[in-house]
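Trainee:
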Amino acid sequence: FGGSFEGSPRSTEQLAPPRAAPSAAPPVRAGAPAASATNANFLKPGGGSKLLFNEAARQQLAPYAGAAGTTVHFTFGSSVMVDFVQNWLHFARRAALKPLLVGAADAALLSFCNNKSVPAAAISPDLDVWTYERK
């Protein structure tokens, strides 16, 4: 196919520049707080969050704690959706997206994530699902 169609760029100068590859480290912005142990306390059990972060999530998210403007690549599901979660993980990793997080809606998906070292967060089972207050 050597032709062009209506509205297509006529030269390479009209093409948008390629996007930069994702950075392994979080971006540092002027005035943004540096990640610190204090900022990462929410990742620890009893740290003020209503979520339970697994070890893989704590390790992956800690460097980004307090980093303004960080995009967390997130999906959620339950154990009946594990095939979809695995598909999302495959393509998120292939695209080198970081940080990423799976919201585990049940204990079985959280267990899957723990066994595969997938960063995950779940709602504490001792919380009422409607009010998020301790039972």
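Numbered per our numbering, the sequence shown spans residues 40 to 174.
The C-beta atom is built at its ideal place from N, Cα and C for all residues, glycine as well.
1) If I'm right that Leu140 touches Ala160 with Cβ under 8 Å, what's the distance once you round it to whole angstroms?
2) Span of the beta strand (DSSP E) holding Phe81?
3) Is the CB-CB distance between Lys89 and Leu148 below 9 Å?
4) Roughly how many angstroms lie between the CA atoms of Glu172 and Leu136, to the nearest whole one?
5) Tell me whether Ala159 sits in a helix, a strand or coil according to DSSP, three-state version.
Mentor: Short version:
1) Their Cβ separation, rounded to whole angstroms, is 6 Å, which keeps Leu140 and Ala160 in contact under 8 Å.
2) Premise fails: Phe81 is in no beta strand (DSSP E) and is neither H nor E.
3) Going by beta carbons, Lys89 and Leu148 fall outside the 9 Å limit.
4) The straight-line gap from Cα to Cα measures roughly 33 Å.
5) DSSP places Ala159 in the strand class (E or B) of the three-state scheme.
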